[in-house]
Structures are given as structure tokens and as C-alpha cells.
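Worksheet: the structure to be examined is printed underneath.
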Amino acid sequence: YAQIREMRQTRKLESLEELSSIAPTFMTLEDLAERIRRLPGLLSSLVKASMGSIHYESADRRESAYHQFPEDEEERRKRFEYDAEMLETVRSKWEPVCLSYLSADINLIDKPPIHRSVIGYPLFRSEDATVVYIGYNKVPTTPLDSSIFGEHEIELLRRVDGILKPVFSKSA
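Here it is, written out as C-alpha cells:
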């Protein structure tokens, strides 16, 4: 048990190291469009999501960017539709949302989900703009790591939130 706890602590420290690299990377990007384009990849890497999206909306601009979404048109369309549903859920609650499904659950649902786990996080909101991140299918680093999103990932995104607020405040 001590080894598992030590391994989890090591993973948390690795996540914090990765978090510390996001700020310099993000700050070097001066253009808002480039920031939006790069952010889903940075955040997906941080929370170990296999795919992710970012959604920026202001009075005069509505832009989304996607990381690792499927190439197949039909699969991509399904992902976009579900992503839009998740976006509305996060925007309406304006709080983090984590959902996960076990393989056994899928047989009990009329419309099986297209993901195993999902995290939606509201990164920024002002009078002028909102920014929401959605990550899919957590990829555990080892078999002992969790395959669902939870408090650790929410805490990481909360810290990112603090880094990004000043940047998006200037852009909005």
C-alpha cells in the first residue's frame, strides 16, 4: 500500500511540474486565436485526457479548438454533438462536471456514451467572454492509476484557471 501511495504522490508532483510549464508556453503565444488553438492540447496533456476541446465565446467572437478528435467524419460528428451538449451543461452550471461510465453500465443505458470519462471545466468568465475546457477518456499512466477524472484533475484545472484569468481578461 505504501508503494501505491508513493507512486500516486509522484504522479501528483509530475502533474504540478507539467502545470508549471503551461504558463511560460501559454504566455509566449500573443495571438488569441493561437492561444485557443494550443490550449486543448496543453490541458489534455495535463489531465491525461485522450481528447479535449476549448470553447471561447465573446460578444464578437465564437471559437472552438479540438485536440485529437477522430478523423472519421461520422465519429467526429458524434463527438462534436456530445461536446456541444457538455458545453451547455458546463455553461449552465458554471462549475466543474465529471462523468464516468463502467463497462457494465453501458448495457443498462439506451444510448451508450461515446466516452468512458469526461471532465468539463469553466476556465474563465467575465462580462465580455467565457472559456470552457472539456476533456475525454482519461488515460492512466500505469494500471494502478485512475481511469476516471476526479478531484485531482479539477484541482489542476483550478490552478490553470488562476494562470489564465489575467491572460483572457486582457483578450476579452
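Quick note, the sequence shown lines up with residues -3 to 168 if you use my numbering. Cβ atoms here follow ideal geometry from the backbone N, Cα and C, with glycine treated the same way. Because the structure is a prediction, the values reported are computed rather than measured.
Beta strand (DSSP E) segments (min. 3 residues) lying fully within the region 24 to 109
45 to 54, 57 to 63 and 93 to 96
Cys94 to Pro20 span [Cα, whole Å]: 28 Å
Express the C-alpha separation of Glu147 and Ile130 in angstroms, rounding to a whole number. 15 Å
- prompt: Whose CA, out of Glu71, Tyr52 and Ser46, lies closest to the CA of Ala125?
  reply: Tyr52
According to DSSP, what are the bridge partners of Val114? Leu95 and Tyr132
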